[in-house]
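Asks: The working numbering applies: residue 108 is where the sequence shown begins, and numbers increase by one. No residue lacks a Cβ here, since even glycine has one placed at the ideal position from N, Cα and C. Nothing here was measured: the structure is a model prediction, and the numbers come from that model.
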Amino acid sequence: MTPATIILIGASVRAAAQSAVRAGIRVIGVDFFGDIDCRDCCERFILVRPDETDAQLNLRLPSLPRLSVGGRNHAAASPDLAQPALLESVARDSGTCFAGAYQSPRNDLDPNVRWLWKNRIGSGGLGVSFSREGQVEGYWQPWIAGRRFGVSFLSDRRDTVMLGVCRSLHTRKGSQPFVYSGSFGPLRLTRPFHCQLQSLGDTIVRQTGVVGLFGIDLVMDSAGRIWLLEINPRWTASSELIEADLIRRGMLKQNESLIGSVAKLLFGCEFERVTSPTPAELRSRLSRKTDRSQALLKRVVFAKHAGLFHRDVADRWLTPAITLSDIPMPGTQVAAGMPIATLRMPWESSAATRGAIRIVTQSLE
């Protein structure tokens, strides 16, 4: 029997495509970069053209199950989940904080508060800044200082299992101070923190009926309060760290993956041969296993100047414990400020991380 095929669409689909392939699913990848390792795991790859609209892109895609894995305006695909009113309701019912959302002109807002403008079409921190740019629809929100986290869940409406929590890393890109630059985790949690986050996930599913893999972005302030930022109904940037840890701990067996679980939940009989676990099965496995998570670092390396990336130079100096991914095709001109590649490595020290980043940036000439 021919393996099932899925279309994965996003800014970069490499990690999700690798997850799908692990579960025996064939992938048609659609993204903005077309990196070597992404193309290698796809049966077919389609590069999104600059300024191509969703309608134009749809004309180039076959009629097959599709899954958004982030970066192409997921808020437009699930507009209800991006509504501040929903976020406020979820926060209230789960005992979590929400900073509010304001449509007022900037001059009418409290001058003693530091305000963030959040547009409705950005992802990965793009479209979040301390000043409004252009006429994109969005809202003002008080800036909450603190540590940022991403939490991953899997749900089929009956059962919702929290898969793990990662710290979120950000960098400044021009006027945008919170551009995603990596994740660190999964983290070990205190029992109260775990229970609070599970309650938050249960509340989201109860109010929205979301099915599949979803993530939530949070801030923990200096007083230990949890603030809900947004809900991401998809594979998120930290999902590959969560999945790698589940595989290491035996929570995901051979030929099982998170994208495999999502495909079964969303597309049913078309993926009946996929063996990946349900949320209830994952919850049961996690409850029996005593092996603890071991944190990994994922770090996106951005170009300080334009140039060509020489993978052979980076491979010569990086240690075997470091995985290099999202690698540009040979001859690709990487523009200043754009991602060069992604590092994944065990957390050792800040010095080790800086050294690995330096090797990648120096491999761009």
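Quick check on this structure: which residue in Arg129, Arg423, Trp454 and Pro453 has the alpha carbon closest to the alpha carbon of Val467?
Replies: Translated into positions along the sequence shown, residue 467 becomes position 360. Of Arg129, Arg423, Trp454 and Pro453, the residue nearest in Cα terms is Arg423.
Asks: From the DSSP output, in three-state form, read off Lys411 for me.
Replies: As a first step, residue 411 must be located in the sequence shown, where it is residue number 304. Residue state, collapsed to three classes: coil.
Asks: Please classify Glu159 as buried or exposed, where buried requires at least 16 neighbouring CB atoms within 10 angstroms.
Replies: Residue 159 sits at position 52 when you count from the first residue of the sequence shown. With fewer than 16 Cβ atoms within 10 Å of its Cβ, Glu159 is classed as exposed.
Asks: Which ranges does the alpha helix (DSSP H) cover as unbroken runs of at least 4 residues, wholly within the stretch 150-218, from first to last along the chain?
Replies: As far as the stretch 150-218 is concerned, its whole alpha helix (DSSP H) runs of at least 4 residues are 161-165, 181-184 and 191-201.
Asks: Excluding five sequence neighbours on each side, which residues of the same chain lie with their C-beta closer than 7 Å to the C-beta of Ala124?
Replies: As a position in the sequence shown, residue 124 is number 17, starting the count at 1. Leu115, Val134, Gly136, Cys145, Cys148 and Cys149.
Asks: Just verifying my parser: in three-state terms, what is the DSSP assignment at Cys273?
Replies: Taking the first residue of the sequence shown as 1, we reach residue 273 at position 166. Cys273 falls in the strand class under three-state DSSP.
Asks: I'd like to check one pair, Ser364 with Ser126: are the Cβ atoms closer than 8 Å?
Replies: On the sequence shown, residue 126 is found 19 positions in, with the first residue counted as 1. On the sequence shown, residue 364 is found 257 positions in, with the first residue counted as 1. Between Ser126 and Ser364, the gap from beta carbon to beta carbon is short of 8 Å.
Asks: To which residues of the same chain is Gly438 closer than 8 Å at the C-beta, ignoring the five residues directly before and after it?
Replies: Along the sequence shown, read from residue 1 onward, the residue named residue 438 stands at position 331. Excluding sequence neighbours, Gly438 sits near Leu415.
Asks: Give the secondary structure of Pro299 by DSSP, where H, G and I count as helix, E and B as strand, and everything else as coil.
Replies: In the sequence shown, the residue the question calls residue 299 occupies position 192. If DSSP states are grouped into helix, strand and coil, Pro299 belongs with the helices.
Asks: Using CA coordinates, which residue listed in Gln210, Asp328 and Asp398 is at the minimum distance from Ile251?
Replies: If you number the sequence shown from 1, residue 251 lands on position 144. That would be Asp328, whose Cα lies nearest to the Cα of Ile251.
Asks: Terminal residues of the continuous beta strand (DSSP E) containing Ile333?
Replies: Position 226 of the sequence shown, counted from the start, is the residue given in the question as residue 333. First-last of the beta strand (DSSP E) with Ile333: Ile333 to Asn339.
Asks: By alpha-carbon positions, which one of Pro435, Gly257, Thr426 and Arg399 ends up nearest to Ala410?
Replies: The residue you call residue 410 lines up with position 303 of the sequence shown. Taking only the C-alpha atoms, the option nearest Ala410 is Pro435.
Asks: Ordered along the chain, which non-local residues of its own chain (more than five positions away) have a Cβ less than 6 Å from that of Ile366?
Replies: To locate residue 366, count along the sequence shown from 1; it is residue 259. For Ile366, where only same-chain residues beyond five positions count, the Cβ hits under 6 Å are Ala123, Ser126 and Ala127.
Asks: Tell me the DSSP secondary structure of Ser126 in three-state form.
Replies: Against the sequence shown, residue 126 aligns to sequence position 19. Ser126: helix per DSSP, three-state reduction.
Asks: Which class does Gly367 belong to by DSSP, given the choice of helix, strand or coil?
Replies: Mapped onto the sequence shown, residue 367 falls at position 260. The answer is helix: DSSP assigns Gly367 an H, G or I state.
Asks: Taking just the CA atoms, how far does Thr112 sit from Ser473?
Replies: Given that the chain is displayed from residue 108 to residue 472, the structure contains no residue 473 and the question cannot be resolved.
Asks: Assess, as a yes-or-no matter, whether the stretch 197-216 is touched by the stretch 260-267 under the definition of 3 or more beta carbon pairs within less than 8 Å.
Replies: no
Asks: For Ser368, count neighbouring C-beta atoms within 10 Å of its own C-beta (all shown protein chains included) and say buried if the count is 16 or more, exposed if not.
Replies: Start at 1 with the first residue of the sequence shown, and residue 368 comes out as number 261. With 16 or more Cβ atoms within 10 Å of its Cβ, Ser368 is classed as buried.
Asks: Cutting at 6 Å between CB atoms, please list the residues of its own chain near Glu195, excluding the five before and the five after it.
Replies: Here residue 195 refers to the residue found at position 88 when the sequence shown is read from its first residue. Only Phe205 meet the Cβ criterion.
Asks: Give the straight-line distance between the Cα atoms of Ser391 and Leu404, rounded to the nearest whole angstrom.
Replies: For the purposes of this step, residue 391 is identified with residue 284 of the sequence shown, where counting begins at 1. For the purposes of this step, residue 404 is identified with residue 297 of the sequence shown, where counting begins at 1. Cα to Cα, the separation comes out at about 27 Å.
Asks: Grouping DSSP H, G and I as helix and E and B as strand, with all else coil, what is Asp422?
Replies: Counting from 1 along the sequence shown, the entry for residue 422 is found at position 315. Residue state, collapsed to three classes: helix.
Asks: Compare the beta carbon distance of Val317 and Leu373 with 8 Å and say whether it is the shorter of the two.
Replies: For this step, residue 317 is matched to residue 210 along the sequence shown. For this step, residue 373 is matched to residue 266 along the sequence shown. Their beta carbons are not under 8 Å apart, which means Val317 does not touch Leu373 by this criterion.
Asks: Output the distance between the C-alpha atoms of Thr430 and Val220, rounded to the nearest integer angstrom.
Replies: Mapped onto the sequence shown, residue 430 falls at position 323. Mapped onto the sequence shown, residue 220 falls at position 113. One C-alpha to the other measures close to 42 Å.
Asks: Cutting at 6 Å between CB atoms, please list the residues of its own chain near Thr278, excluding the five before and the five after it.
Replies: Along the sequence shown, read from residue 1 onward, the residue named residue 278 stands at position 171. Closer than 6 Å at Cβ, skipping near neighbours: Val286 and Ser288.
Asks: On the three-state DSSP scale, how would you describe Val286?
Replies: Counting from 1 along the sequence shown, the entry for residue 286 is found at position 179. In this structure, Val286 counts as strand in the three-state DSSP scheme.
Asks: Are the stretch 266-273 and the stretch 376-393 in contact at 8 Å, needing three or more beta carbon pairs?
Replies: yes
Asks: Helix, strand or coil: which one does DSSP assign to Leu359?
Replies: Residue mapping note: residue 359 aligns to position 252 of the sequence shown, counting from 1. Of the three classes helix, strand and coil, the one that applies to Leu359 here is coil, per DSSP.
Asks: Taking the CB atoms as reference points, tell me whether Pro293 and Ile349 lie closer together than 8 Å.
Replies: Numbered from its first residue, the sequence shown carries residue 293 at position 186. Numbered from its first residue, the sequence shown carries residue 349 at position 242. Cβ atoms of Pro293 and Ile349: closer than 8 Å.
Asks: With 8 Å as the threshold, decide whether the Cβ of Pro384 is near any Cβ in chain B.
Replies: Among the chains of the structure shown, chain B does not appear; only one protein chain is present.
Asks: With DSSP run on the structure shown, which of helix, strand or coil describes Ser470?
Replies: Counted from its first residue, the sequence shown places residue 470 at position 363. DSSP places Ser470 in coil when its eight states are reduced to three.
Asks: Within 10 angstroms of the Cβ of Ala421, are there 16 or more other Cβ atoms? Answer buried if so, exposed if not.
Replies: The sequence position of residue 421 within the sequence shown is 314, counting from 1. Buried: at least 16 other Cβ atoms inside 10 Å.
Asks: From the DSSP output, read off the bridge partner residues of Lys280.
Replies: Numbered from its first residue, the sequence shown carries residue 280 at position 173. Answer by DSSP bridge pairing, in chain order: Gln283.
Asks: Could you name the residues of the same chain whose beta carbon sits closer than 6 Å to that of Ile323, not counting the 5 residues immediately before and after it, in chain order?
Replies: On the sequence shown, position 216 is the one that residue 323 refers to. Excluding residues within five positions, the ones whose Cβ falls inside 6 Å are Val258 and Ile338.
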